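Order-wise, the sequence lines are chains A and B. For the first sequence, this note's numbering assigns the number 1 to the initial residue and increments by one for each residue that follows. For the second sequence, this note's numbering assigns the number 116 to the initial residue and increments by one for each residue that follows. Built from N, CA and C at the ideal position, the CB exists for glycine as well. None of the values given here were measured: they were computed from a predicted structure. Structure, as structure tokens:
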Amino acid sequence: DTGVSQDPRHKITKRGQNVTFRCDPISEHNRLYWYRQTLGQGPEFLTYFQNEAQLEKSRLLSDRFSAERPKGSFSTLEIQRTEQGDSAMYLCASSSRQGRNTEAFFGQGTRLTVV
Amino acid sequence: AQRVTQPEKLLSVFKGAPVELKCNYSYSGSPELFWYVQYSRQRLQLLLRHISRESIKGFTADLNKGETSFHLKKPFAQEEDSAMYYCALSLMNTGFQKLVFGTGTRLLVSP
Numbered sequence: 001d002t003g004v005s006q007d008p009r010h011k012i013t014k015r016g017q018n019v020t021f022r023c024d025p026i027s028e029h030n031r032l033y034w035y036r037q038t039l040g041q042g043p044e045f046l047t048y049f050q051n052e053a054q055l056e057k058s059r060l061l062s063d064r065f066s067a068e069r070p071k072g073s074f075s076t077l078e079i080q081r082t083e084q085g086d087s088a089m090y091l092c093a094s095s096s097r098q099g100r101n102t103e104a105f106f107g108q109g110t111r112l113t114v115v
Numbered sequence: 116a117q118r119v120t121q122p123e124k125l126l127s128v129f130k131g132a133p134v135e136l137k138c139n140y141s142y143s144g145s146p147e148l149f150w151y152v153q154y155s156r157q158r159l160q161l162l163l164r165h166i167s168r169e170s171i172k173g174f175t176a177d178l179n180k181g182e183t184s185f186h187l188k189k190p191f192a193q194e195e196d197s198a199m200y201y202c203a204l205s206l207m208n209t210g211f212q213k214l215v216f217g218t219g220t221r222l223l224v225s226p
């Protein structure tokens, strides 16, 4: 599968612990997005990278959340001091630089459960 | 504020029946609308976008700016159409594809 890859697929953690997720976009894509999806809701935008630059962050992204894309390739999303409300599916997507609104390809997501 | 509304959580039809999944949006700018589909145990994938004006897997959707709607239609549903369908709005003024999703409609097609 040469699509967007996310690791791990599932993560169960205790409240207060830190977690980190990884996203590997499609190789030629310079744009990378993180979304969060809670039960019964559609995905909600969290943040966007163009190459290594983080160009937009949603107000949903509290101070406990940090995302990086150090070399403009893979990205990590870290959640510090997890809370039960952080339980969700975290989706990564990527798209190419061709045009302004090209298709975003999604990964299969990382399901986080905070107990 | 930008918003996408999908009023039906579940739509259940029999094979061969027509299908219409409703989507309404709220956006002051020029909208770009999409339908995404998620089949069981698969990733979210683009089904169609309004600027393409094409039919994918027999589905079509027409943007109606007067009614601010982008309903998804198929004249004859198939069992393999059973999936979760999300309507999404791209905010054109952001310079990138920032998507606002609706809450989704689960389509169940019975034999």
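A/Asp63 sits in coil when the DSSP states are folded into three classes, being neither helix nor strand. Excluding its 5 nearest sequence neighbours in each direction, B/Leu125 has C-beta neighbours in its own chain below 6 Å: Arg221, listed in chain order.
Linking A/Glu68 to A/Glu103 through their CA atoms gives a straight-line distance of about 22 Å. Neighbours of A/Glu103 across chain B, judged by C-beta separation under 7 Å: Leu161.
If you ignore the 5 residues before and after B/Phe185, its C-beta comes within less than 7 Å of the C-beta of Cys138, Tyr140, Leu148, His165, Ala176, Leu178 and Cys202, all in its own chain and listed in chain order.
The Cβ atoms of A/Gly72 and A/Cys92 lie no closer than 9 Å to each other. As the crow flies, the alpha-carbon of A/Ser75 is around 8 Å from that of A/Leu32.
Within the segment 122 to 145 of chain B, contact with chain A at the beta-carbon level (separation under 7 Å) is assigned to no residue. Shown here, B/Asp196 sits in a helix according to DSSP, grouped into three states.
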